[in-house]
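*Asks:* One structure, pasted below without further comment.
Laid out in structure tokens, this is it:
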């Protein structure tokens, strides 16, 4: 496997660590951290700062009852459910978004498949499957789009992206990713706005597929 | 308590006693140290007194249940507990648990590396020293970023402050953390 060369920006990493990132982006960042030791170390270092600030904060007194109730609960409270584990190419945060099940792909035509994991006011999160050598329909979007490669690779005007790499695309980028020839490309893509396709046909299909 | 020469910190030692011996006295000390700080943090984040105390209880209960996952090579107690509180806050705000990266586990039978734990503690002490050198205004902006909701465009403004010192301190620790993570990944 080649080394990861496309990482998460400082802004997005800070937003993730401080809990200020929307759910779709947070899933992509958490999945990248699962694959990228460099960014995991950056995130844990930023958490050290959170801890140091917690050490320094002026304390607010807690009622005596709260302590007694907690001590009482230690043996009685149900154990937390074990978290969903990674499976195959999917890191734990992706398996969590999949509800612990393998993807249920929907055909989009041209051999391209997707599964929408979430779509709401915060944006959308989906898995995409692109056959080897196939282009993803050209699109631009109204905001930020993060795409993490989980299998295979794709290339576009910004470079080549392999497993673990994240492409951060702002709305000014009109990109046409093409999947590498070595294997089907599977990626996790998050946006904060619906995608807009440039060709007429995909635009007509957009409401149908919610891509 | 947070003396620069003290590594690992006292709270980290308490958390290790909870992790390794289910030590209730140590847990009580952790509660006495962190509960008032967590409550202050949660109230900064907009929770009222009563709900802040409920969340403090949730967080401390999670500390008790998940202590086995605490790794002193990679975090101090305060950073680990900050993360739990942050996750609980997200869970409550969005009504779904936040995504967490794959857990990393120590290889079976591995011995703690005292030098590594000491080095992390020294790094954290340097970080605290850098924080002490900040003006109240600068510290307040940082606290806003970590304790309150802030759109992430604001954070880049925040990090333009003499945070450079802090960030470079943090970066000093990265190489080592990364080596560690590589080590943890060995099958």
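Protein chains in written order, with my numbering: chain E, 1 to 211; chain P, 212 to 398. Note that beta-carbon positions come from the ideal geometry of N, C-alpha and C, so glycine has one too. Quick caveat, the model's predicted, so the values are computed rather than measured.
Which ranges does the alpha helix (DSSP H) cover as unbroken runs of at least 4 residues, wholly within the region 72-121 of chain E, from first to last along the chain?
*Replies:* Complete alpha helix (DSSP H) runs here, min 4: 92-97.
*Asks:* Does residue 153 of chain E come out as helix, strand or coil in the three-state DSSP assignment?
*Replies:* Looking at residue 153 of chain E - three-state DSSP - the assignment turns out to be strand.
*Asks:* Taking one C-beta from the region 227-239 of chain P and one from the region 26-43 of chain E each time, how about it: are there three or more such pairs within less than 8 Å?
*Replies:* Result no; under three Cβ-Cβ pairs closer than 8 Å.
*Asks:* With 16 as the cutoff for other CB atoms within 10 Å, does residue 329 of chain P come out buried or exposed?
*Replies:* Exposed, since its Cβ has fewer than 16 Cβ neighbours within 10 Å.
*Asks:* Name the residue from E:125, E:110, E:108 whose alpha carbon lies nearest to the alpha carbon of residue 116 of chain E.
*Replies:* Considering only alpha carbons, the answer is E:125.
*Asks:* Consider the Cβ of residue 278 of chain P: report whether some Cβ of chain E lies at a distance smaller than 8 Å.
*Replies:* Judged by the 8 Å Cβ criterion, residue 278 of chain P is not in contact with chain E.
*Asks:* Would you call the CB atoms of residue 296 of chain P and residue 57 of chain E closer than 8 Å?
*Replies:* Their beta carbons are not under 8 Å apart, which means residue 296 of chain P does not touch residue 57 of chain E by this criterion.
*Asks:* Helix, strand or coil for residue 261 of chain P, going by three-state DSSP, please let me know.
*Replies:* Three-state result, residue 261 of chain P: helix.
*Asks:* Can a CB atom of chain P be found closer than 8 Å to the CB of residue 63 of chain E?
*Replies:* Closer than 8 Å to some Cβ of chain P, the Cβ of residue 63 of chain E qualifies, so yes.
*Asks:* Between the region 299-317 of chain P and the region 270-283 of chain P, do at least 3 Cβ pairs fall closer than 8 Å?
*Replies:* Touching, yes.
*Asks:* State whether the region 154-169 of chain E contacts the region 100-109 of chain E, with contact taken as three or more CB pairs (one from each stretch) at a distance under 8 Å.
*Replies:* With a cut-off of 8 Å, the region 100-109 of chain E and the region 154-169 of chain E do not count as touching, because too few Cβ pairs lie within range.
*Asks:* Tell me the DSSP secondary structure of residue 21 of chain E in three-state form.
*Replies:* Here residue 21 of chain E sits in coil by DSSP.
*Asks:* Do residue 245 of chain P and the ligand GTP come close, with the Cβ less than 7 Å from some heavy atom?
*Replies:* With respect to the ligand GTP, the structure shown offers nothing to examine, as it has no ligands at all.
*Asks:* Measuring CB to CB, does residue 152 of chain E end up less than 8 Å from residue 183 of chain E?
*Replies:* Yes, Cβ-Cβ distance for residue 152 of chain E and residue 183 of chain E is below 8 Å.
*Asks:* For residue 166 of chain E, which three-state DSSP category applies?
*Replies:* If DSSP states are grouped into helix, strand and coil, residue 166 of chain E belongs with the strands.
*Asks:* With 8 Å as the threshold, decide whether the Cβ of residue 115 of chain E is near any Cβ in chain C.
*Replies:* No chain C is part of this structure, whose protein chains are labelled E and P.
*Asks:* In or out: residue 85 of chain E buried (at least 16 other Cβ within 10 Å) or exposed?
*Replies:* The residue in question, residue 85 of chain E, is exposed, as its Cβ has fewer than 16 Cβ neighbours within 10 Å.
*Asks:* Is it buried or exposed for residue 170 of chain E, if we count other Cβ within 10 angstroms and need 16 for buried?
*Replies:* Per the 10 Å Cβ criterion, exposed.
*Asks:* Does the distance from the C-beta atom of residue 144 of chain E to that of residue 192 of chain E stay below 8 Å?
*Replies:* Yes, these two residues count as a Cβ contact at 8 Å.
*Asks:* Excluding the five sequence neighbours on either side, which residues of its own chain have a C-beta within less than 6 Å of the C-beta of residue 181 of chain E, listed in chain order?
*Replies:* Answer for residue 181 of chain E: 132, 133, listed in chain order.
*Asks:* Measure from the alpha carbon of residue 55 of chain E to the alpha carbon of each residue in P:258, P:223, P:239, then state which is nearest.
*Replies:* Checking every option, the nearest Cα to that of residue 55 of chain E belongs to P:223.
*Asks:* With a cut-off of 8 Å, does the C-beta of residue 266 of chain P fall near any C-beta of chain E?
*Replies:* So, not an interface residue.
*Asks:* Decide if residue 198 of chain E is buried, meaning its Cβ has at least 16 other Cβ atoms within 10 Å, or exposed.
*Replies:* Because the pLDDT of residue 198 of chain E is 48, which lies under 50, any placement of that residue in the model is unreliable, and the number read from its coordinates should be weighed accordingly. By the neighbour-count rule (16 or more Cβ atoms within 10 Å), residue 198 of chain E is not buried but exposed.
*Asks:* Who are the Cβ neighbours of residue 93 of chain E in its own chain at under 6 Å, not counting the five residues just before and after it?
*Replies:* Once the five neighbours on either side are set aside, the close Cβ partners of residue 93 of chain E are 27, 30, 31.
*Asks:* Compare the C-alpha of residue 44 of chain E against each of P:319, P:292, P:300, P:353 and name the closest.
*Replies:* Per the Cα distances, P:292.
*Asks:* Using the rule of at least 16 other Cβ atoms within 10 Å of the residue's Cβ for burial, across every protein chain shown, is residue 22 of chain E buried or exposed?
*Replies:* By the 10 Å Cβ count, residue 22 of chain E comes out buried.
*Asks:* Closer than 9 Å, Cβ to any Cβ of chain P: which residues of the region 67-84 of chain E, in chain order?
*Replies:* Cβ contacts with chain P: 67, 69, 70, 71, 73, 74, 77, 79, 80, 83.
*Asks:* On the DSSP letters alone, give me the boundaries of the beta strand (DSSP E) that residue 186 of chain E sits inside.
*Replies:* Residues 185-191.
*Asks:* Report the neighbours of residue 309 of chain P on chain E: residues whose CB is nearer than 7 Å to its CB, in chain order.
*Replies:* Within 7 Å Cβ-Cβ: 26.
*Asks:* Starting from residue 126 of chain E, follow the alpha helix (DSSP H) in both directions and report where the run begins and ends.
*Replies:* Unbroken run through residue 126 of chain E is the beta strand (DSSP E), 123-130; no alpha helix (DSSP H).
*Asks:* Give the straight-line distance between the Cα atoms of residue 51 of chain E and residue 80 of chain E, rounded to the nearest whole angstrom.
*Replies:* Straight-line Cα distance between these residues: approximately 23 Å.
*Asks:* Could you give the first and the last residue of the continuous alpha helix (DSSP H) run that contains residue 313 of chain P?
*Replies:* Where residue 313 of chain P is concerned, there is no enclosing alpha helix (DSSP H), given that its DSSP letter is neither H nor E.
*Asks:* Output the distance between the C-alpha atoms of residue 351 of chain P and residue 53 of chain E, rounded to the nearest integer angstrom.
*Replies:* Their Cα atoms are separated by approximately 10 Å.
*Asks:* Check the DSSP bridge columns for residue 134 of chain E and list the partner residues they point to.
*Replies:* The partner list for residue 134 of chain E (beta bridge, DSSP) is empty, contrary to what the question assumes.
*Asks:* Exposed or buried, which one is residue 165 of chain E when buried takes at least 16 other CB atoms within 10 Å?
*Replies:* Answer is buried; the Cβ neighbour count reaches 16.
*Asks:* Beta-carbon of residue 295 of chain P versus every beta-carbon of chain E: anything under 8 Å?
*Replies:* It does not; no Cβ of chain E falls within 8 Å.
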